[in-house]
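Each residue of the sequence shown is one higher than the last, beginning at 37 in our numbering.
Ideal Cβ placement from N, Cα and C applies to all residues, glycine included.
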Amino acid sequence: MNPLKIGITGVRGVVGETFTPHLVAQFAEAFATCVGRGKVYICDDARRSGSMARGAAISGLLAAGCKTYDLGVCPIPSMQRTIAASGAVGGIAVSAGHNSEDWNALKFIRADGFYFNAREADELLDVYHAGEFERAGWDKIVPLEKTGSSGAVSEHIAAIVGMTDVRRIKKAGLKVAVDTCNGACSEAASELLDALGCKTVAINAEPGEPFPHDPEPNAANMRQTRSIVRAVGCDAGFMLDTAGERLGIVTDDGTILPEDYTLALCVSIWLSSNPGGLVVTNLSTTGAIDAVAKKHKASVMRTRIGQAYVAEAAAKHKAAIAGEGSGGVIFPRLHYACDGMAAMAFILDFIARTGSTVSAAAAAIPKFVTLKKNAQLDFSVIHRAIHHARTEAKTRYSNANVDLSDGVKLGWANSWLHIRPSNTEPIIRVMAEARSEKRARELIAIGEELIGG
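Shown next as structure tokens:
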């Protein structure tokens, strides 16, 4: 039996095992109890279990007396913008994003379009466990509004287009390959690229069809995109996760950039024209961000892992740009949400504006070797393993800068090791970064030893 993951990123599990219609409906009722009766939006990311889970969540929302607007299949950033602009009390996104197709999840969004923060997520969990939900009488149940996603998506695309020089991009005649993994951006990504005047090769763009590969935009899943970039001679290739939050990049010479370098590239592009300001990212994101920021006289703030932490810090401290090393980029002038389609348009605008290439821009970013290892431990011992790692790290590595705000992170000059429980899967993530692969591997070994792996 796979465990259920409950935390800052919502509620997720394997469909038919821990992620069930009963659970979904109850969490929807708990959500409605927290936010109060009012306008609520809901969407899913086109995975096979999406309609089932969305239907269960709708039942819970209607039972609580919410005025529920069903967007159907819709990118999460599109729904977040709609929620913030509509006077809604919040929304639920049915999406496991980067997880494999057997997983699904509920992500809870507040009235301002931000994800629930840690305090709000704890309150929601308390309400769920108490089981005391607000329920409407038969005469107070409001009919479901099946609006579809076209309005939310078109307004989102218009906002993205508005932050680019469309005429310049059209004149450049860019060729772009995009893989949407049959997810929520399958139609929206092509609509955006058409609006920008790009010549588009879209693959895996049939929402509802089986995933051609896992939807996490990493090197293992982007080989098909790389092949198309090389065969067609594209200026860039992109892969979006099923929610539309994370973006992976293939350069014009066919190089698949590491996940961290989506944010690093966008930060470099932004700061090259807008020096100074603040960049917000999380503890596990590459040190290349710090190097780029230093070059352009900007500062960097790091938070715990999770879009909610990064977005709230970015808004509070008025960041110029923000995001996570998983491929999510936040453009505060657009909204405080990781937005893969916006990042895609931002990079294309850079190509058209400068006449440069993605490969040249990526080559200018300082190089680090980042290694990741997932330790598969029984769910019941993960907390104990993390506690052991924290205790041992403070004792054995006094020469390191020790950060205990999210698991344990040990920092040295030009290298770091981060050990933390995953927010989205029943594993411990061990990540290390250094200037050389040898040093990065040494740090991974230290991490495995600290958790008893």
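(request) Identify every residue that forms a DSSP beta bridge with Cys-79. (result) Your numbering for residue 79 matches position 43 in the sequence shown. Answer by DSSP bridge pairing, in chain order: Ala-129.
(request) Following the continuous beta strand (DSSP E) through Val-212, name the residue where it begins and the one where it ends. (result) Taking the first residue of the sequence shown as 1, we reach residue 212 at position 176. It spans 211-215 - the beta strand (DSSP E) in which Val-212 sits, taken as one unbroken run.
(request) Spatial neighbours of Leu-180 within its chain, please: CB distance less than 7 Å, with the 5 preceding and 5 following residues excluded, ordered by chain position. (result) Within the sequence shown, numbered from 1, the residue matching residue 180 stands at position 144. Excluding positions up to five away in sequence, the list reads Ile-94, Leu-98, Thr-104 and Asp-106.
(request) Starting from the C-beta of Pro-111, find all residues in its chain whose C-beta is less than 6 Å away, skip the five residues before and the five after it, and write them out in chain order. (result) Residue mapping note: residue 111 aligns to position 75 of the sequence shown, counting from 1. Taken in chain order, the residues that qualify are Ala-220, Cys-221, Ala-224 and Gly-280.
(message) Suppose you measure from the CA of Val-365 to the CA of Ile-482; what does that come to, to the nearest Å?
(response) Within the sequence shown, residue 365 is the residue found at index 329, counting from 1. Within the sequence shown, residue 482 is the residue found at index 446, counting from 1. Rounded to the nearest angstrom, the two C-alpha atoms are 31 Å apart.
(request) Let me know the secondary structure DSSP gives Ile-387 once reduced to three states. (result) Start at 1 with the first residue of the sequence shown, and residue 387 comes out as number 351. Helix.
(request) Pick helix, strand or coil for Gly-233, following the three-state DSSP scheme. (result) To locate residue 233, count along the sequence shown from 1; it is residue 197. Coil.
(request) Decide yes or no for the touch test of the region 355-364 against the region 79-96: beta carbon pairs closer than 8 Å, at least 3 of them. (result) no
(message) Across the region 312-319 and the region 264-280, are there enough close Cβ pairs to call them in contact, namely three or more that are closer than 8 Å?
(response) no
(message) Less than 8 Å between the C-beta atoms of Asn-410 and Ile-463, yes or no?
(response) Residue mapping note: residue 410 aligns to position 374 of the sequence shown, counting from 1. Residue mapping note: residue 463 aligns to position 427 of the sequence shown, counting from 1. Contact: yes.
(message) Buried or exposed for Val-51, going by 16 or more other Cβ atoms inside 10 Å?
(response) Counting from one through the sequence shown, the residue named residue 51 turns up at place 15. The residue in question, Val-51, is buried, as its Cβ has 16 or more Cβ neighbours within 10 Å.
(message) Less than 6 Å between C-beta atoms, sequence neighbours within five positions excluded: which residues of the same chain meet that for Thr-393?
(response) Here the question's residue 393 lines up with position 357 in the sequence shown. Asp-288.
(request) Specify, as a first and last residue, the run of the alpha helix (DSSP H) that Val-454 falls within. (result) Working through the sequence shown from its first residue, we reach residue 454 at position 418. Reading off the sequence shown, one finds His at residue 454, where the question assumed Val. Segment 451-457 is the beta strand (DSSP E) holding His-454; no alpha helix (DSSP H) there.
(message) Suppose you measure from the CA of Thr-56 to the CA of Ala-82; what does that come to, to the nearest Å?
(response) To locate residue 56, count along the sequence shown from 1; it is residue 20. To locate residue 82, count along the sequence shown from 1; it is residue 46. C-alpha separation (whole angstroms): 17 Å.
(message) Can you tell me whether Cys-70 is helix, strand or coil according to DSSP?
(response) Working through the sequence shown from its first residue, we reach residue 70 at position 34. If DSSP states are grouped into helix, strand and coil, Cys-70 belongs with the helices.
(request) List the residues that DSSP assigns as beta-bridge partners of Trp-448. (result) Residue mapping note: residue 448 aligns to position 412 of the sequence shown, counting from 1. Trp-448 is bridged to Ser-451.
(request) Could you give the DSSP three-state label for Leu-345: helix, strand or coil? (result) As a working note, residue 345 is residue 309 in the sequence shown. The question names Leu, yet the displayed sequence has Tyr at residue 345. DSSP places Tyr-345 in helix when its eight states are reduced to three.
(request) Identify the continuous alpha helix (DSSP H) that holds Glu-360 and give its terminal residues. (result) Working through the sequence shown from its first residue, we reach residue 360 at position 324. First-last for Glu-360: 357-360, but that is the beta strand (DSSP E), not the alpha helix (DSSP H).
(request) Give me whichever residues DSSP pairs with Val-466 in a beta bridge. (result) On the sequence shown, position 430 is the one that residue 466 refers to. BP columns for Val-466 point to Lys-409 and Ile-455.
(request) Thinking Arg-204 and Arg-389 are a contact (beta carbons under 8 Å), I'd like their distance in whole angstroms, please. (result) Numbered from its first residue, the sequence shown carries residue 204 at position 168. Numbered from its first residue, the sequence shown carries residue 389 at position 353. Confirmed, Cβ separation roughly 6 Å.
(request) Could you spell out the range, first to last residue, of the beta strand (DSSP E) harbouring Ser-335? (result) For the purposes of this step, residue 335 is identified with residue 299 of the sequence shown, where counting begins at 1. Per DSSP, Ser-335 belongs to the beta strand (DSSP E) from 335-339.
(message) Would you say the beta carbon of Ala-379 is closer than 7 Å to some non-hydrogen atom of the ligand HEM?
(response) Among the ligands in the structure shown, none appear at all, so the ligand HEM cannot be discussed.
(request) Can you tell me which of the three DSSP states Asn-318 falls into? (result) As a working note, residue 318 is residue 282 in the sequence shown. Asn-318 falls in the strand class under three-state DSSP.
(request) Over the uninterrupted beta strand (DSSP E) stretch that includes Val-47, give me the two end residues. (result) The residue you call residue 47 lines up with position 11 of the sequence shown. Note, Val-47: beta strand (DSSP E), 46-50.
(request) Quick one: using the 10 Å Cβ neighbour count with 16 as the cut-off for buried, is Thr-339 buried or exposed? (result) Here the question's residue 339 lines up with position 303 in the sequence shown. By the neighbour-count rule (16 or more Cβ atoms within 10 Å), Thr-339 is buried.
(request) Please determine, among Ala-64, Glu-53 and Arg-84, the residue with the shortest C-alpha to C-alpha distance to Cys-217. (result) Translated into positions along the sequence shown, residue 217 becomes position 181. Among Ala-64, Glu-53 and Arg-84, the Cα nearest to that of Cys-217 belongs to Arg-84.
(message) To the nearest angstrom, how far is the alpha carbon of Val-212 from that of Ala-436?
(response) Taking the first residue of the sequence shown as 1, we reach residue 212 at position 176. Taking the first residue of the sequence shown as 1, we reach residue 436 at position 400. Computed Cα separation, rounded: 44 Å.
(request) To the nearest angstrom, report how far apart Cys-70 and Pro-311 are at their CA atoms. (result) Position 34 of the sequence shown, counted from the start, is the residue given in the question as residue 70. Position 275 of the sequence shown, counted from the start, is the residue given in the question as residue 311. One C-alpha to the other measures close to 41 Å.
(request) Mind reading off the beta-carbon distance from Val-328 to Val-303? Whole number of angstroms is fine, and I expect it under 8 Å. (result) Taking the first residue of the sequence shown as position 1, residue 328 is located at position 292. Taking the first residue of the sequence shown as position 1, residue 303 is located at position 267. Their Cβ separation, rounded to whole angstroms, is 5 Å, which keeps Val-328 and Val-303 in contact under 8 Å.
(message) Let me make sure I understand the geometry here. Which of Ala-68, Ile-78 and Val-109 has the alpha-carbon closest to that of Glu-168?
(response) Numbered from its first residue, the sequence shown carries residue 168 at position 132. Looking at the Cα atoms, Ala-68 is the closest of the given residues.
(message) To the nearest angstrom, how far is the alpha carbon of Arg-262 from that of Asp-326?
(response) As a first step, residue 262 must be located in the sequence shown, where it is residue number 226. As a first step, residue 326 must be located in the sequence shown, where it is residue number 290. Spanning the two alpha carbons is a distance of roughly 28 Å.
(request) Mark Leu-440 as exposed unless 16 or more other C-beta atoms lie within 10 angstroms of its C-beta, in which case mark it buried. (result) Here the question's residue 440 lines up with position 404 in the sequence shown. Looking at its Cβ environment, which holds fewer than 16 other Cβ atoms inside 10 Å, Leu-440 is exposed.
(request) Leaving aside the five residues before and after Ser-458 along the sequence, list all residues of the same chain whose C-beta is less than 8 Å from its C-beta, in chain order. (result) Taking the first residue of the sequence shown as position 1, residue 458 is located at position 422. Cβ neighbours of Ser-458 beyond the five flanking positions: Lys-41, Asn-410, Ile-464 and Arg-465.
(request) Give the range of the beta strand (DSSP E) segment to which Gly-198 is assigned. (result) In the sequence shown, counting from the first residue as 1, residue 198 sits at position 162. Careful: Gly-198 lies outside any beta strand (DSSP E), inside the alpha helix (DSSP H) at 186-198.
(message) Quick check on Met-377: buried or exposed, where buried means 16 or more other Cβ atoms within 10 Å of its Cβ?
(response) Residue 377 sits at position 341 when you count from the first residue of the sequence shown. Buried.
(message) According to DSSP, simplified to helix, strand and coil, what is Thr-278?
(response) One-based indexing of the sequence shown puts residue 278 at position 242. Of the three classes helix, strand and coil, the one that applies to Thr-278 here is coil, per DSSP.
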